[in-house]
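Down below is the structure, laid out as structure tokens.
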Amino acid sequence: MRKLLVLWGLTLFYVAPIVAQQPVKARIAGLESHAEYMSLLEQDAVLQMREDSIASAMIRVRQQLREDPENRPQYAQQILQCENEIFELRTAKGRVIDRINTIEQEWVLANLNAEIARQQQDPAGQELPDSLKCRNLIDNTPFRQHLTRQDYGALRRAQRDEMQAVEMVNRYLNNYLSLTELGATYAAVATEQEALAVLDSMTMIERRNEEVADSLGAVWNQIFDNKSYAYDYLMEALRKEEQLDRQQERLSATMREIGTLQGETVSDQLVDYFLRKQALVAYELDVAQALQFDAACDSLRGVASQLTAIDYKLPKITVEERTFIEYDSLQFSSKPVYTAANPIPECRIYQRGTIYRVQLGTFSTKRPVSIFRGTSPLSYLQTEDQKWRYFAGGFATLEEAEAAQATLKKRGFTRPEVVVWIDGVYRNLAEEPLPSAADSGYRIEFEFDEALPEQVRTAITQGEYGVEISRVGSSRYIIGTFVERADAEKVVEAIRAEMGSIDLSIVQIGQ
Numbered sequence: 040m041r042k043l044l045v046l047w048g049l050t051l052f053y054v055a056p057i058v059a060q061q062p063v064k065a066r067i068a069g070l071e072s073h074a075e076y077m078s079l080l081e082q083d084a085v086l087q088m089r090e091d092s093i094a095s096a097m098i099r100v101r102q103q104l105r106e107d108p109e110n111r112p113q114y115a116q117q118i119l120q121c122e123n124e125i126f127e128l129r130t131a132k133g134r135v136i137d138r139i140n141t142i143e144q145e146w147v148l149a150n151l152n153a154e155i156a157r158q159q160q161d162p163a164g165q166e167l168p169d170s171l172k173c174r175n176l177i178d179n180t181p182f183r184q185h186l187t188r189q190d191y192g193a194l195r196r197a198q199r200d201e202m203q204a205v206e207m208v209n210r211y212l213n214n215y216l217s218l219t220e221l222g223a224t225y226a227a228v229a230t231e232q233e234a235l236a237v238l239d240s241m242t243m244i245e246r247r248n249e250e251v252a253d254s255l256g257a258v259w260n261q262i263f264d265n266k267s268y269a270y271d272y273l274m275e276a277l278r279k280e281e282q283l284d285r286q287q288e289r290l291s292a293t294m295r296e297i298g299t300l301q302g303e304t305v306s307d308q309l310v311d312y313f314l315r316k317q318a319l320v321a322y323e324l325d326v327a328q329a330l331q332f333d334a335a336c337d338s339l340r341g342v343a344s345q346l347t348a349i350d351y352k353l354p355k356i357t358v359e360e361r362t363f364i365e366y367d368s369l370q371f372s373s374k375p376v377y378t379a380a381n382p383i384p385e386c387r388i389y390q391r392g393t394i395y396r397v398q399l400g401t402f403s404t405k406r407p408v409s410i411f412r413g414t415s416p417l418s419y420l421q422t423e424d425q426k427w428r429y430f431a432g433g434f435a436t437l438e439e440a441e442a443a444q445a446t447l448k449k450r451g452f453t454r455p456e457v458v459v460w461i462d463g464v465y466r467n468l469a470e471e472p473l474p475s476a477a478d479s480g481y482r483i484e485f486e487f488d489e490a491l492p493e494q495v496r497t498a499i500t501q502g503e504y505g506v507e508i509s510r511v512g513s514s515r516y517i518i519g520t521f522v523e524r525a526d527a528e529k530v531v532e533a534i535r536a537e538m539g540s541i542d543l544s545i546v547q548i549g550q
């Protein structure tokens, strides 16, 4: 996994010991006496030391996250905090590096201009000295000679923005690693509260990565277009047809591969970046070889090697939703369990999973706890028509619920009925038994913030099909069950005829 995180000398989780800072050295001979340049190099070194220190701390937290599952949400939050601090350090470091690069480029260009002027005065025309052949391809003389001032400026901006794209890629990959670890944490937590906290963190990181991917796509398109134009222009000016034809073939193969991978990985933008980056670096190497810039060739070969070591075809992260249903068997007590200080709670409806309860009755008014004869646990729901339903227990299987129903009958309850919620949908099994394993059924689901129009409600509950309407939460409606899908489709058509283009779904349900 660590190879994912290395890009052109930037390692997200590189751990270095904190030692006394060594004196910095100029990266280009001749700039040792440039005060601002040397100061910026020192700032860059300090920022790197801070980043390495935080990265080291984050590795320790990740280890604790794996070893101490009870406190995983806390560790996950600490990791997010470390990531934010590293991102801020890299942002500051990027500004420092931009200025360092600018000073170096100005120095190189000034010396190149002097060399060009000398060559123009020398009719024999000497070859460019090796000392002024730059590792950075675009700093070499032919680009400045053959491109217009505007085009060369665009090329330099594209080169400068390369570091911004690398930072975005590293940020995305770092977030992806956090998502995979949070996914493992979600699968291991013991309570719903912990699970929801982890899901919230994952949702936040996913949104960040969507923003990063969109930004990467925009920045990378501009970089690629400006660089490709400059290289094509220079190769045409120098009549390097072989390099142009090779790049055209390379791009055609690259675009076919991008199309094949569309939607197959976690990020189309990430795939597009890496595949076109590989093609562009190969083109840059062709250009450098054609112009015999050995230092630039060496640099580009290193970039190409690092690109091939990075796994960018990352799978989508899927998390199997967990349910934390609290089941509870019946208990009976001579002392009242529920009082004015501890009233009967509202029945909890789980949006995923199945839970059975025993319905003790439906009443037109709220009932005193004494009529339930010391039974617990109890819960209630108030229906849309202002009726009060009371329930006992919470069971994982129909057999357990039927056993509790039999016990309640023995204790004098006249008509206890087994009811079930399947993915939040209520069903009274005395009125609507579950289908057999060989059968299937359908229901209609949709979101609507208001009460259903009376003519729609009447048509559904009292019309040809006479099915039940359930409202879950404030806006979700469930209609059905239907034995045949065609029956559900007819009701959908009838609802749309009355309510317009409302979004309705037909969902198949089983036992």
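Heads up, the sequence shown is in our numbering, so the first residue is 40 and it goes up one at a time. Don't be surprised by glycine CBs; every beta carbon is placed ideally from N, CA and C.
Does DSSP put Gln547 in a helix, a strand or coil?
-> strand
Residue burial classification, Ser368 (beta-carbon count within 10 angstroms, cutoff 16) | exposed
Around the Cβ of Asn381, are there at least 16 other Cβ atoms within 10 angstroms (buried) or fewer (exposed)?
-> When all chains shown are included, Asn381 counts as exposed.
Per DSSP, the bridge partner or partners of Trp427 = Phe402, Gln421
How many Å lie between Met591 and Val305 at the Cα?
-> Because the chain in this structure spans residues 40 to 550, residue 591 falls outside the shown range and cannot be described.
Where the beta strand (DSSP E) through Gly256 begins and ends = No beta strand (DSSP E) contains Gly256, which is instead part of the alpha helix (DSSP H) from 231 to 276.
Out of Asp253, Leu235, Gln198, which has the shortest C-alpha to C-alpha gap to Val208?
-> When only C-alpha atoms are compared, the closest one is Asp253.
When the Cβ atoms of the region 421 to 437 are set against those of the region 397 to 409, are three or more pairs found closer than 8 Å?
-> Taking one beta carbon from each stretch, the region 421 to 437 and the region 397 to 409 have 3 or more pairs nearer than 8 Å; the two touch.
Report yes or no: do the region 198 to 215 and the region 254 to 263 share at least 3 C-beta pairs separated by less than 8 Å?
-> A contact exists between the region 198 to 215 and the region 254 to 263.
Evaluate contact between the region 70 to 86 and the region 95 to 111, counting only Cβ atoms and requiring at least three cross-stretch pairs below 8 Å.
-> Inter-segment contact for the region 70 to 86 and the region 95 to 111 is absent: fewer than three beta-carbon pairs are separated by less than 8 Å.
Roughly how many angstroms lie between the CA atoms of Glu288 and Gly298, to the nearest whole one?
-> 16 Å
Comparing the C-beta of Thr422 with each C-beta of chain D, is any distance below 9 Å?
-> The chain labelled as chain D is not found in the depicted structure, where only one protein chain is given.
Do the region 234 to 251 and the region 323 to 331 meet, that is, are 3 or more Cβ pairs less than 8 Å apart?
-> no
Roughly how many angstroms separate the alpha carbons of Ile125 and Arg247, rounded to a whole number?
-> Near 15 Å, if we compare the C-alpha coordinates of Arg247 and Ile125.
With distances taken Cα to Cα, identify the nearest neighbour of Arg391 among Ala343, Val464, Leu277.
-> Val464
State the CB to CB distance for the pair Thr293 and Leu314, rounded to an integer number of angstroms; the pair is presumed to be in contact (CB under 8 Å).
-> The distance from the Cβ of Thr293 to that of Leu314 is about 5 Å, consistent with a contact at the 8 Å cut-off.
For Glu359, does the three-state DSSP call read helix, strand or coil?
-> DSSP places Glu359 in coil when its eight states are reduced to three.
Could you tell me which residues DSSP pairs with Asn467 in its beta bridges?
-> Val458
Per-residue burial, Asp325 [other beta carbons within 10 Å of its own, 16 or more giving buried] | buried
Environment of Arg196 [buried if 16+ CB atoms lie within 10 Å] | Arg196 counts as exposed, since fewer than 16 other beta carbons sit within 10 angstroms of its beta carbon.
With a Cβ-Cβ cutoff of 9 Å, do Tyr272 and Asp190 count as a contact?
-> yes
Do you know offhand how far Glu81's Cα is from Leu194's?
-> 28 Å
What is the rounded straight-line gap between the Cα of Asp462 and the Cα of Thr422?
-> C-alpha separation (whole angstroms): 18 Å.
Whole-angstrom distance between Gln317 and Cys336, CA atom to CA atom = 15 Å
Enumerate, from N- to C-terminal direction, the unbroken alpha helix (DSSP H) stretches of 4 or more residues contained entirely within the region 286 to 345.
-> 307 to 329
Using a Cβ-Cβ cut-off of 6 Å (strictly less than) and excluding sequence neighbours within five positions of Lys352, which residues of its own chain qualify?
-> Thr304
Sub-9 Å separation of Leu551 and Ala431 beta-carbons = The first residue shown for the chain is 40 and the last is 550, placing residue 551 beyond what the model contains.
In the structure shown, what three-state DSSP assignment does Ile517 receive?
-> strand
Determine which residues share a DSSP beta bridge with Leu394 and list them.
-> The question names Leu, yet the displayed sequence has Ile at residue 394. In DSSP, Ile394 forms a bridge with Trp460.
Span separating the alpha-carbon of Thr224 from that of Gln117 = 14 Å
Give me the Cβ distance between Ala227 and Arg111, rounded to the nearest whole Å; I'm assuming they're in contact under 8 Å.
-> 7 Å
Buried or exposed for Tyr312, please, with buried defined as at least 16 other CB atoms from any protein chain shown within 10 angstroms of its CB.
-> buried
Through-space distance from Arg134 to Ala163, alpha-carbon basis | Because the pLDDT at Ala163 is just 42, under 50, the model does not fix this residue reliably, and the value given afterwards should be weighed accordingly. Distance between the alpha carbons of Ala163 and Arg134: 43 Å.
Looking only at DSSP bridge pairs, what is Gly480 linked to?
-> Ile548
What do you reckon, are the CB atoms on Met202 and Asp137 nearer than 9 Å?
-> Less than 9 Å divides the Cβ of Met202 from the Cβ of Asp137.
Three-state secondary structure assigned by DSSP to Glu486 | strand
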